[in-house]
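**Q** Sharing a structure with you now.
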Amino acid sequence: MTLPLDLISSRRNPLVQQVRALHQARGRREQQLLLLEGTHLLQECRRLQLQPQRLIATERWLAMHPQLQGSDVVQPVSPEVLTAMATTDTPDGVITLLDHPQPSLEPPRWPRASAPLLLGLDRIQDPGNLGTMLRSALAAGVDQVWLGGGADPWQPKVLRASAGAALELPVQRLEHLDPPVSLAQDRAASVVAAVREGGMPYWLHDWQQPTLLLLGNEGAGLSSDLLTRPLVQVTIPHLSAVESLNVAVAAGVLLLERCRQQATAAPDKRESSAAELGR
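With the working numbering applied, the sequence shown corresponds to residues 9 to 287, in that order.
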């Protein structure tokens, strides 16, 4: 039987500084750990069969999750200590430390899917936007995400905003998006650039064919280097009361258009199959 670890009640405990260092990219690189806050992200780890290196939890939280008590990775702490470790003001009682994914040094690879949906994000700066976009990407069945600079996808705020999608999606960080754009064009896939104005209405594109969707920086949009390439430019029409949509909102609209087209095409396919059988 594993003996439980002693409760940590002092904010001066070395573990507090170790965990707080994970708020920054440097600390995550040095320790090769991620900081996940909250019960939901722990549940996502378990669903994905990811093994936590340590669970740091209050006694109250552990009392509500008795199956974890006595585990050699569980460290009980006081509520004050947990708050000192967390990036949020009101943590729900548990912090998970998880192995940091190893960065891929390979050039971008084409997914095995027959008609992949791919997402390229150019210098997205806001962690909340990035996390929300990753969540939408998972909901839309995106096969690969490429990040051209921008926010670190492994920072706590991105992980929270993605609701764990960042842990499940294949995500590759690159210096810029030229390599995946070239790869998509070599594969005769459509490379679709979301622009504020001047593009065709987004629903006119056939999203059921292999597609790489490019979305740009919150303020500057896509880089000029990308826009000089032969791209399909699409726009989300909206009223002039706002200048533009938030990039995360736009991503959800565009990515889920494939699901809408697949759903509306399904009855036509069934009718076609029925007609073939009736011949």
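Even for Gly, the Cβ is constructed at its ideal location relative to N, Cα and C.
#1: Helix, strand or coil for alanine 169 per DSSP?
#2: Is the segment 80–95 touching the segment 125–140 in the sense that three or more CB pairs, one from each, lie closer than 8 Å?
#3: Using 9 Å as the threshold, is the C-beta distance between cysteine 53 and glycine 206 below it?
#4: For serine 170, which residues from the same chain have a beta carbon less than 6 Å from its beta carbon, with the 5 sequence-adjacent residues on both sides left out?
#5: Within its chain, find whatever has a CB closer than 7 Å to the CB of histidine 108; leave out the 5 residues flanking it on each side and keep chain order.
#6: Out of curiosity, what's the CA-to-CA distance linking arginine 34 and glutamine 269?
#7: Where does aspartate 134 land, buried or exposed, given buried means 16+ other C-beta within 10 angstroms?
#8: In the DSSP output, which residue or residues are listed as bridge partners for serine 198?
#9: Pick out the complete alpha helix (DSSP H) segments inside the segment 66–115, 4 residues or longer, and give them in chain order.
#10: By the 10 Å Cβ neighbour count, where 16 or more other Cβ atoms means buried, how is leucine 115 classified, buried or exposed?
#11: Note the first and the last residue of the continuous alpha helix (DSSP H) segment covering aspartate 233.
#12: Mind the definition here: the segment 182–198 touches the segment 46–65 only if three or more C-beta pairs lie below 8 Å; say whether that holds.
#13: In this structure, does DSSP put aspartate 160 in helix, strand or coil?
#14: Would you report the Cα separation of valine 212 and arginine 117, rounded to the nearest angstrom?
#15: What's the C-alpha gap between threonine 236 and valine 200?
#16: Which whole-angstrom value describes the C-beta separation of aspartate 151 and leucine 125, a residue pair presumed to lie in contact below a C-beta threshold of 8 Å?
#17: Over the uninterrupted beta strand (DSSP E) stretch that includes valine 240, give me the two end residues.
#18: How big is the Cα-Cα spacing for methionine 93 and methionine 72?
#19: If I measure Cβ to Cβ from glycine 224 and keep anything under 6 Å in the same chain, skipping five residues before and after, which residues do I get?
#20: Out of Glu88, Leu146 and Arg120, which one is the CA nearest neighbour of serine 17?
#21: How long is the line joining the alpha carbons of serine 281 and alanine 147, rounded to whole angstroms?
#22: Pick helix, strand or coil for glycine 224, following the three-state DSSP scheme.
#23: Looking at the structure shown, is proline 187 part of a helix, part of a strand, or coil, going by DSSP?
#24: Over what stretch of residues does the beta strand (DSSP E) that includes glycine 128 continue unbroken?
#25: I need the straight-line Cα distance from proline 178 to proline 99, nearest angstrom please.
#26: In the DSSP output, which residue or residues are listed as bridge partners for leucine 41?
**A** With the structure as the only source:
#1: For this step, residue 169 is matched to residue 161 along the sequence shown. Here alanine 169 sits in helix by DSSP.
#2: No, the segment 125–140 does not touch the segment 80–95.
#3: As a working mapping, residue 53 is identified with position 45 in the sequence shown. As a working mapping, residue 206 is identified with position 198 in the sequence shown. In this structure, glycine 206 does not lie closer than 9 Å to cysteine 53 by Cβ.
#4: Taking the sequence shown and counting its residues from 1, the one referred to as residue 170 is at position 162. Counting only Cβ-Cβ distances below 6 Å, and skipping sequence neighbours, we find Gly139, Leu142 and Arg143.
#5: Against the sequence shown, residue 108 aligns to sequence position 100. So the qualifying residues of the chain are Arg36, Gln40, Leu41, Leu42 and Trp162.
#6: Counting from 1 along the sequence shown, the entry for residue 34 is found at position 26. Counting from 1 along the sequence shown, the entry for residue 269 is found at position 261. Looking at the two C-alpha atoms, the distance is approximately 43 Å.
#7: Position 126 of the sequence shown, counted from the start, is the residue given in the question as residue 134. With 16 or more other Cβ atoms within 10 Å, it is buried.
#8: On the sequence shown, position 190 is the one that residue 198 refers to. As DSSP reads the structure, serine 198 sits in a beta bridge with Thr219.
#9: Entirely contained in the segment 66–115, the alpha helix (DSSP H) runs reaching 4 residues are, in chain order, 67–72 and 87–93.
#10: Numbered from its first residue, the sequence shown carries residue 115 at position 107. Checking the sequence shown, residue 115 turns out to be proline, not leucine. Exposed is the call here.
#11: For the purposes of this step, residue 233 is identified with residue 225 of the sequence shown, where counting begins at 1. Start and end: 232–235.
#12: No contact exists between the segment 182–198 and the segment 46–65.
#13: As a first step, residue 160 is located in the sequence shown; it is residue number 152 there, counting from the start. In this structure, aspartate 160 counts as coil in the three-state DSSP scheme.
#14: Translated into positions along the sequence shown, residue 212 becomes position 204. Translated into positions along the sequence shown, residue 117 becomes position 109. Here residue 212 is leucine; the residue named in the question, valine, does not match the sequence. So the two alpha carbons sit approximately 28 Å from each other.
#15: Sequence index remark: in the sequence shown, residue 236 carries index 228 (1-based). Sequence index remark: in the sequence shown, residue 200 carries index 192 (1-based). Linking threonine 236 to valine 200 through their CA atoms gives a straight-line distance of about 13 Å.
#16: The residue labelled residue 151 in the question sits at position 143 within the sequence shown. The residue labelled residue 125 in the question sits at position 117 within the sequence shown. Correct: roughly 6 Å between the Cβ atoms.
#17: Here residue 240 is taken as the residue at index 232 of the sequence shown, counted from 1. Looking at the DSSP string, the run of the beta strand (DSSP E) that includes valine 240 is 240–243.
#18: For the purposes of this step, residue 93 is identified with residue 85 of the sequence shown, where counting begins at 1. For the purposes of this step, residue 72 is identified with residue 64 of the sequence shown, where counting begins at 1. Taking the straight line from one Cα to the other gives about 21 Å.
#19: Within the sequence shown, the letter at position 216 stands for residue 224. In its chain, beyond the 5 residues on either side, Asp130 and Leu230 have a beta carbon closer than 6 Å to the beta carbon of glycine 224.
#20: For the purposes of this step, residue 17 is taken as the residue at position 9 of the sequence shown. The shortest C-alpha separation from serine 17 is found at Glu88.
#21: Along the sequence shown, read from residue 1 onward, the residue named residue 281 stands at position 273. Along the sequence shown, read from residue 1 onward, the residue named residue 147 stands at position 139. Because serine 281 carries a pLDDT of 47, less than 50, the predicted location of this residue cannot be relied on, and the following value inherits that uncertainty. Taking the straight line from one Cα to the other gives about 28 Å.
#22: Reading the sequence shown from its first residue, position 216 is the one you call residue 224. Assignment of glycine 224 by DSSP, reduced to helix, strand and coil, places it in the coil class.
#23: In the sequence shown, the residue the question calls residue 187 occupies position 179. Residue state, collapsed to three classes: helix.
#24: Counting from one through the sequence shown, the residue named residue 128 turns up at place 120. Per DSSP, the unbroken beta strand (DSSP E) holding glycine 128 starts and ends at 125–130.
#25: As a working mapping, residue 178 is identified with position 170 in the sequence shown. As a working mapping, residue 99 is identified with position 91 in the sequence shown. Cα-Cα distance, rounded: 28 Å.
#26: As a first step, residue 41 is located in the sequence shown; it is residue number 33 there, counting from the start. Note: leucine 41 sits in a beta bridge opposite Asp107.
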